[in-house]
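**Q** Chains as they are written, first to last, in our numbering: chain A, 1 to 703; chain B, 1 to 119.
Positions of the beta carbon are idealized from the N, C-alpha and C atoms, including for glycine.
Here the structure is a predicted model, which means the values were calculated and not measured.
Written as structure tokens, this is what we have:
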């Protein structure tokens, strides 16, 4: 009757990686000298649950390593070891190693054993070096993995109170954790179990005696029942030894040594329980000067290898494919609904009105459904932001700069796909800010600025978009130097005069770099162009605002989702095209007098005091139009990549949300077209990519 | 063995759509959250004088509350000399039996058929 554990591996890895991320976040918040006990508890619990999980699954190397880590954390928790910079560095390194070890096991690849052994040795040394020498020997002996040789058997008596289940406790989980500590022999006492017909399933009628053989110490056993304080009676007895009461008849912790955990606060009150703890609202959003915090740290509470993937917090883990499938089906529904609406419009007869009002209802419901499904795909941007505190800390240390990272708006949600792809560009921007933006402390002081530089990460909703901003209070972009470099590299002619915006834009040109020498941090001149390309691929844009000596701001604007776009459908001949609504400024009918012909053959029209070029869609796509003269049709004024121009079309049809179907996956890439959609009548309409249109037109004109 | 005739006649089959109260498919979640509903089905099956089969192949998640309920059912049936078959117990169910020390109670009252592979 062997239990196949491999099916739980994926969940274990996923949860462990998440837990490590929160552990890292918590470590970065840890104040040297005056650490917050709750933070240390959080960190401790992560190590503990990874240890438990890896032992359950037989990843003995990880279990052994986390055991050392956990022991050190326990010493920190008991304030027998002080939190110092070397210790927090050591812990951060342990997070890295643990992550690599997990990856190695997950991917079945070897890991550098020496690195693990070295770090584990450092951990052991740190444990040994703790303050009071007397207790040190004994504790270290139980702590060292070598002590695993001393096997002993605990007889544990576990008597949950009636409300045990109702408080959110599951004895099965605790027994599973005990099983991770050694081999267990469990006997259930069912004598108090009432007949099935009278049984209240919410009330716990069972109690257990457990023989636990292994090297576990009292603290480890207490730890398992940490969450059940106040909800059960617990005694433990080492063979032949005295009975140790861990939780008394009222469920209160009976401490025989140092207080075990933050949960055991007021001995008189039935302290924290799982239920009350889970009900605690997450910490309010850290508005200023705090590093990424609340959501991550809170998530740590997911217990050990909570095998099912269903947490206590009422959330469930769903694979992305399932959501994508759902999204796709909703997309199809939207198309069907559009088709029905179109049919309904032409309908006549006694039921037509009722049919149409039903359709209206359907449309409203569809929109709601669509929004709900889209919300499922949304994740807070803290998933991306959370990697930065560590990165800033490490890089600043390496470059000898003093930098504080400010994170705001980390609860802003955006589509998972967008979220995944925005990480790298952001890393690049932050890295640039650290390397080029923020000056060294002495230079800052000389300039009359605070020695501590600040990098600010911010995210917020702006219209139908998300704006993500990376700003720093460093030196700002050096206009003259950029221009000089660009001239030297032949990117700008020596006689050209450029506006500030154009100069700032130069940093996004491929191959451009002002760094005098290349470091491993940045300065190779590949980067900003890639950043801009990545952001454009997401349908977003990036702009930079800078002030010499005061700092720079990189503002990234991203669409909420990539799956659906609000579009204006326009007719050209027999074809329909979709213009993204966000880029439309206005639509107008031109008078023949306002159109002028340029010497090169292009046409321009006067629009609010300036002249804009016209792109004739029918010429571009080879369609026979209904209107050949500009004043016969309509011109849609649009903006793409900061440039405005007019699209000449026959007619405006209507505004609708369209589901984007990728042309690239279904057909191939077409310049000037970002995708396609299926209209209500079943025909296909192309969605226009305005920056692409500009490129195509200028290439055609140049040819 | 005490053998008590069930107080309610077997003929009351209103709530068993499959017309086979001797067979009960356990839900994928046998937990505190679903225990109330499950208890209803179990108490109904409790009085069936014919052997009862619990189809446990789709049980994915169990907790102690769910196991407590199943244990009470199995014990009560055995006390009345009535048998229960647990068919294809899933690995989740077997793990819970073992960890909660209920293996004996279940094996003594029940003769499980071989469990499904790969669940």
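(1) Measuring straight from C-alpha to C-alpha, what distance separates residue 13 of chain A and residue 92 of chain A?
(2) Quick one: is residue 196 of chain A near chain B, going by C-beta distance under 7 Å?
(3) Between which two residues does the beta strand (DSSP E) holding residue 152 of chain A run?
(4) Residue range of the beta strand (DSSP E) that residue 235 of chain A falls in?
(5) Helix, strand or coil: which one does DSSP assign to residue 378 of chain A?
(6) What are the boundary residues of the alpha helix (DSSP H) that residue 425 of chain A is part of?
(7) Based on Cα-Cα distance, which residue from A:437, A:466, A:548 and A:446 lies nearest to residue 456 of chain A?
(8) What does residue 202 of chain A reach in chain B if we use C-beta pairs closer than 9 Å?
(9) What does the alpha-carbon distance come out to for the pair residue 65 of chain B and residue 207 of chain A?
(10) Can you tell me the Cα-Cα spacing of residue 190 of chain A and residue 48 of chain B, whole angstroms?
(11) Can you list, in chain order, the residues of the segment 206-219 of chain A whose Cβ is nearer than 9 Å to any Cβ on chain B?
(12) Starting from the N-terminal side, write out each stretch of the alpha helix (DSSP H) that is 4 residues or longer and does not extend beyond the segment 13-69 of chain A.
(13) DSSP has residue 211 of chain A in a bridge; who is on the other side?
(14) Ignoring anything shorter than 3 residues, give me the beta strand (DSSP E) runs that lie fully in the segment 321-393 of chain A, in order along the chain.
(15) Anyone know if the C-beta pair for residue 169 of chain A and residue 100 of chain A falls short of 7 Å?
(16) Per DSSP, what kind of secondary structure is residue 66 of chain B in: helix, strand or coil?
(17) Counting contacts by CB-CB distance shorter than 7 Å, is residue 187 of chain A in contact with chain B?
(18) Check whether chain B comes within 7 Å of residue 317 of chain A, counting only Cβ atoms and requiring the distance to be less than that.
(19) With a cut-off of 8 Å on the beta carbons, I'd call residue 233 of chain A and residue 159 of chain A a contact; round off their distance for me.
(20) Buried or exposed: residue 628 of chain A, going by 16 or more other Cβ atoms within 10 Å of its Cβ?
(21) Closer than 8 Å, Cβ to any Cβ of chain B: which residues of the segment 330-359 of chain A, in chain order?
(22) Determine, for residue 24 of chain B, whether the minimum Cβ-Cβ distance to residues of chain A falls below 7 Å.
(23) Check whether the segment 563-580 of chain A and the segment 485-500 of chain A touch, using three or more Cβ-Cβ pairs below 8 Å as the test.
(24) Classify residue 87 of chain A as helix, strand or coil using the three-state DSSP reduction.
(25) So residue 43 of chain B contacts chain A; which residues on that side make the cut at Cβ distance below 7 Å?
(26) Checking 7 Å against the spacing of the C-beta atoms, do residue 196 of chain A and residue 165 of chain A come in under that value?
(27) Out of A:466, A:171 and A:184, point me to the one whose CA is closest to residue 229 of chain A's CA.
(28) Is it the case that the segment 22-35 of chain A contacts the segment 376-390 of chain A, given that we only count it when at least three CB pairs across the two stretches are under 8 Å?
(29) Should residue 318 of chain A go down as buried or exposed, given a rule of 16 or more other Cβ atoms within 10 Å for buried?
(30) According to DSSP, is residue 651 of chain A part of a helix, a strand, or is it coil?
(31) Over what stretch of residues does the beta strand (DSSP E) that includes residue 558 of chain A continue unbroken?
(32) Just grab the DSSP bridge partners of residue 611 of chain A for me.
(33) For residue 102 of chain B, I'd like the list of residues in its chain whose CB is within less than 7 Å of its CB, leaving aside the five on either flank, ordered along the chain.
(34) Cutting at 7 Å between CB atoms, please list the residues of its own chain near residue 9 of chain A, excluding the five before and the five after it.
(35) Using 8 Å as the Cβ pair cut-off and three pairs as the minimum, do the segment 677-689 of chain A and the segment 598-615 of chain A touch?
(36) Helix, strand or coil for residue 80 of chain A per DSSP?
**A** The short version:
(1) 19 Å
(2) yes
(3) 152-160
(4) 232-238
(5) strand
(6) 416-432
(7) A:437
(8) 32, 35, 36 and 65
(9) 12 Å
(10) 23 Å
(11) 206, 208, 209 and 210
(12) 37-56
(13) A:155 and A:185
(14) 378-380
(15) no
(16) helix
(17) yes
(18) no
(19) 4 Å
(20) exposed
(21) none
(22) no
(23) no
(24) helix
(25) 196 and 197
(26) no
(27) A:171
(28) yes
(29) exposed
(30) strand
(31) 551-559
(32) A:606
(33) 67 and 71
(34) 57
(35) no
(36) coil
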